[in-house]
Amino acid sequence: MKAAYSRNVDPAFPDRWADFIVRPESTAEVSEIVRIANKYKIPMV
Numbered sequence: 670m671k672a673a674y675s676r677n678v679d680p681a682f683p684d685r686w687a688d689f690i691v692r693p694e695s696t697a698e699v700s701e702i703v704r705i706a707n708k709y710k711i712p713m714v
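Counting in this note's numbering, the sequence shown runs from 670 upward without gaps.
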């Protein structure tokens, strides 16, 4: 699944792949994911 969701289309970083992928099922889950990413300074796309 990672290969299907983590391809990079930015020519500035052609060899960069996602470290992980999340698939939230609700807005509450999105909110929690963003909160955790901010807490640990994890960039999100």
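All residues carry an ideal CB built from backbone N, CA and C; glycine is no exception.
- Between residue 693 and residue 702 a beta carbon distance of about 6 Å is seen, short of the 8 Å cut, so the two are scored as contacting.
- Look at residue 710 here: in three-state DSSP terms it is coil, with no helix or strand label.
- Note on geometry: alpha-carbon atoms of residue 711 and residue 689 lie some 11 Å from one another.
- Straight-line measurement puts the Cα of residue 700 at about 26 Å from the Cα of residue 679.
- DSSP places residue 690 in the coil class of the three-state scheme, outside both helix and strand.
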